[in-house]
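Participant: As they're listed, the protein sequences go chains C and Z. Counting the first sequence from 1 gives a position; this note's numbering is that position plus 976. Counting the second sequence from 1 gives a position; this note's numbering is that position plus 976. Each residue gets a CB set at the ideal place from its N, CA and C atoms; glycine is no exception.
There are 2 protein chains.
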Amino acid sequence: MKASAVARRTSNGTAGAKAPAARRAPAKPAPEGRRERNKREKLQRIVAAARALFRAQGFDKTTTQEIAEAAGIGSGTLFLYAKSKEDLLVLVFRDEMSELIERAFEEIPDTLPLLEQTTMLFDRFIAYHRRDFAIAQSLLRELSFLSNPARRDPVNAIPNLIANNLAPRVAAAQARGEIRRDLDPSTAGHCLFSVYYQQLLIWAGSYASYAQFKRNLGKLLEFVVEGMRAR
Amino acid sequence: MKASAVARRTSNGTAGAKAPAARRAPAKPAPEGRRERNKREKLQRIVAAARALFRAQGFDKTTTQEIAEAAGIGSGTLFLYAKSKEDLLVLVFRDEMSELIERAFEEIPDTLPLLEQTTMLFDRFIAYHRRDFAIAQSLLRELSFLSNPARRDPVNAIPNLIANNLAPRVAAAQARGEIRRDLDPSTAGHCLFSVYYQQLLIWAGSYASYAQFKRNLGKLLEFVVEGMRAR
DNA sequence: GTCATAAAATGAGTGCGCTCAGTTTTAAAA
DNA sequence: TTTTAAAACTGAGCGCACTCATTTTATGAC
């Protein structure tokens, strides 16, 4: 994660040249000293502890002290691994969600009609969030709007991951003549995602009924895809 | 606001009947005792103080103590008028935004092509947020996702206000044959708004460039309206 | 006016997220 | 091994949002 080998090109060019460095660490395959391992293990314990506590008693009611204690570290150490409590939440659930997204895209065949694909896809995400609604609320709050610029990259990754994975599906639908061809697939992907995400936010934020949410989303998607249809 | 007259039906039915009460307050047009006036004035001072401070030094850097002091009240009194600091933010800017929305809809003629109308509309909102970007960030965060159920009503009112005002514009466009008629105007309104709002969130949340944001939004809207076009 | 009661205001206190000056641990140099 | 330097860790302490037992103020009855 630290990108310890920034540039491994043979042409050792302009960058501040440390000639002897090249001799010192030439053939070390996987050093992983005590430092590295401790850090890795500590991070694992932190994530595990935070996940368990967030799941058990919710985000708000869990204190950072509790998490630190459960992970067996000092209360201040926690903030060396996550810049804030919210960061920790994202840290805990990002991998889980990325995996969910990737698996969903793998399992849904891109030969289905586009509307069916998107419906199946979003249904899976919704089911995931519904399994732990309280966490989903906290999580979506952080995912949808982060004040800290440092946090934006990993986080916007999730919306982008979905939207970008949608693009080739749109392209495929265009190729088989289902969708208008004068349409940028990436834009279309973002559009579909926007509609889903906005409804999701409304649902999670306003305690709207699940049935209503599904109905609204269904109508919106149907309409958008219909608008994209080749004629 | 307090709904002091819960049920004024002539049939004084099951509810705990207070017969003499009917005689006491029969013909009082606008009493407004000292209590009422004090409360009203205090609320005004709070809102004014909070607005000034938020504008001057931002949401995060303004403490509730400062606001209370500037409004000439005790620090605890503030929380009798707003349940939280975030609530206060919404309280301060909701009216301003509602007015902005209403004026925009008044001034944009509904005879223009739908795409032009929506573009003009969203441009105004964007200009408003851009005038005070830091406030917009805090505000959107609260508007887009509120954990407190008690807050949802006044807040969802803003997205709903926009989406609902869009619906008749869509209907008019249908009437003049610009937009497909097999399309629920309300759904279409929500769809247009979703696209705008999602892009706005991405912009405000991720510090994306303004130009990029405008371009993306423009493309998305163009595409969505094109999808709605009657053929 | 006095009294009784309910509404409103108050600010010291509480809890929690986060910081940072000081300490400990690891790794490399001598 | 000892020395040195840097990286990692720690927890007392700070600032701030929010609470609540107590006090102040307004209102109607007499």
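With distance defined between alpha-carbon atoms, name the residue in C/Gly1203, C/Val1146, C/Lys1015, C/Arg1021 nearest to leucine 1088 of chain C.
Facilitator: C/Val1146
Participant: Distance check for serine 1170 of chain Z and alanine 1139 of chain Z, CA to CA, integer angstroms please.
Facilitator: If I take the Cα positions, the gap works out to 9 Å.
Participant: Taking a Cβ distance cut-off of 8 Å, strictly less, list which residues of the segment 1094–1109 of chain Z are near chain C, in chain order.
Facilitator: Going along the segment 1094–1109 of chain Z in chain order, one finds no residue with a Cβ nearer than 8 Å to chain C.
Participant: Can we say the segment 1177–1197 of chain Z touches the segment 1145–1160 of chain Z, given the rule of at least three CB pairs closer than 8 Å?
Facilitator: no
Participant: Given that leucine 1091 of chain Z touches chain C, what residues does it touch there, using C-beta distances under 8 Å?
Facilitator: Ordered by position in chain C, no residue passes the 8 Å Cβ test against leucine 1091 of chain Z, which lies about 13 Å from the chain.
Participant: Verify the CB distance criterion: does phenylalanine 1169 of chain Z have a CB-CB separation below 9 Å to chain C?
Facilitator: Chain C contact via Cβ: present.
Participant: CA-CA distance, glutamate 1017 of chain C and threonine 1163 of chain C?
Facilitator: In this structure, the straight-line span from the alpha carbon of glutamate 1017 of chain C to that of threonine 1163 of chain C is close to 41 Å.
Participant: How long is the line joining the alpha carbons of phenylalanine 1101 of chain C and isoleucine 1077 of chain C, rounded to whole angstroms?
Facilitator: 8 Å
Participant: The alpha helix (DSSP H) that contains arginine 1016 of chain C, what's its start and end?
Facilitator: 1010–1033
Participant: At what residue ranges does the segment 1047–1128 of chain C contain a whole run of the alpha helix (DSSP H), taking only runs of 4 or more?
Facilitator: 1054–1057, 1061–1083, 1090–1107, 1109–1120
Participant: Could you work out which residue in Z/Ile1111, Z/Glu1008, Z/Arg1106, Z/Asp1160 is closest to phenylalanine 1189 of chain Z when comparing CA atoms only?
Facilitator: Z/Arg1106
Participant: Let me know if lysine 1004 of chain Z comes out buried or exposed under the rule of 16 or more other beta-carbons within 10 Å of its beta-carbon.
Facilitator: Confidence in lysine 1004 of chain Z is poor, its pLDDT being 40 and thus under 50, which makes the residue's placement unreliable; the coordinate value appears in the next sentence. By the 10 Å Cβ count, lysine 1004 of chain Z comes out exposed.
Participant: Alpha carbons only, please: which of C/Glu1042, C/Arg1152, C/Glu1082 is nearest the one belonging to arginine 1207 of chain C?
Facilitator: C/Arg1152
Participant: Looking only at its own chain, which residues have a Cβ that is under 6 Å from the Cβ of arginine 999 of chain Z, when we skip the five neighbours before and after it?
Facilitator: Per-residue confidence for arginine 999 of chain Z stands at a pLDDT of 34, beneath the threshold of 50, marking its modelled position as unreliable; no derived number is given.
Participant: Whole angstroms is fine: what's the gap from asparagine 1192 of chain C's alpha carbon to arginine 1011 of chain Z's?
Facilitator: 45 Å
Participant: For the alpha helix (DSSP H) that contains glutamate 1154 of chain C, what are its first and last residues?
Facilitator: It is not in any alpha helix (DSSP H) - glutamate 1154 of chain C carries neither H nor E in the DSSP assignment.
Participant: Alpha carbon to alpha carbon, how far is leucine 1197 of chain C from isoleucine 1022 of chain C?
Facilitator: 39 Å
Participant: May I have the straight-line CA-CA distance separating threonine 1040 of chain C from serine 1114 of chain C, to the nearest angstrom?
Facilitator: 15 Å
Participant: Hey, does threonine 1039 of chain Z have any beta-carbon neighbour from chain C nearer than 9 Å?
Facilitator: no
Participant: Ends of the alpha helix (DSSP H) at lysine 1190 of chain Z?
Facilitator: 1186–1204 is the span of the alpha helix (DSSP H), which, as asked, contains lysine 1190 of chain Z.
Participant: Around the Cβ of aspartate 1063 of chain C, are there at least 16 other Cβ atoms within 10 angstroms (buried) or fewer (exposed)?
Facilitator: buried
Participant: Can you give the Cα-Cα distance for histidine 1166 of chain C and alanine 1112 of chain C, rounded to whole angstroms?
Facilitator: 21 Å
Participant: For arginine 1208 of chain Z, which three-state DSSP category applies?
Facilitator: Given that chain Z is displayed from residue 977 to residue 1207, the structure contains no residue 1208 of chain Z and the question cannot be resolved.
Participant: Does glutamate 1202 of chain Z have its Cβ less than 9 Å from a Cβ in chain C?
Facilitator: yes
Participant: Shorter than 9 Å from the beta carbon of tyrosine 1186 of chain Z to some beta carbon of chain C?
Facilitator: Look at tyrosine 1186 of chain Z: its C-beta is not under 9 Å from any C-beta on chain C.
Participant: How is leucine 1137 of chain C classed by DSSP in three states: helix, strand or coil?
Facilitator: helix
Participant: So that I know if they touch, is there some Cβ in chain Z lying closer than 9 Å to that of proline 1161 of chain C?
Facilitator: At a cut-off of 9 Å between beta-carbon atoms, proline 1161 of chain C makes no contact with chain Z.
Participant: Would you verify that the beta carbon of proline 1130 of chain C is, or is not, closer than 9 Å to some beta carbon of chain Z?
Facilitator: Low local confidence applies: a pLDDT of 49 at proline 1130 of chain C is under 50, so the model's placement there is unreliable, with the coordinate-based value given in what follows. No, proline 1130 of chain C does not count as interfacial toward chain Z.
Participant: How would you label alanine 1149 of chain Z, buried or exposed, when you count the other beta carbons within 10 angstroms and need 16 or more for buried?
Facilitator: Under this definition alanine 1149 of chain Z is a buried residue.
Participant: Thinking just about the alpha-carbon of each residue, which of C/Thr1094, C/Ile1084, C/Leu1119, C/Asp1036 is nearest to the one in glutamate 1202 of chain C?
Facilitator: C/Thr1094
Participant: When the cut-off is 9 Å and only beta carbons count, does proline 1144 of chain Z lie next to chain C?
Facilitator: no
Participant: Mind reading off the beta-carbon distance from alanine 1103 of chain C to valine 1068 of chain C? Whole number of angstroms is fine, and I expect it under 8 Å.
Facilitator: Their Cβ separation, rounded to whole angstroms, is 19 Å, which puts alanine 1103 of chain C and valine 1068 of chain C out of contact at 8 Å.
Participant: Under 9 Å between the Cβ atoms of alanine 1047 of chain Z and leucine 1054 of chain Z?
Facilitator: yes
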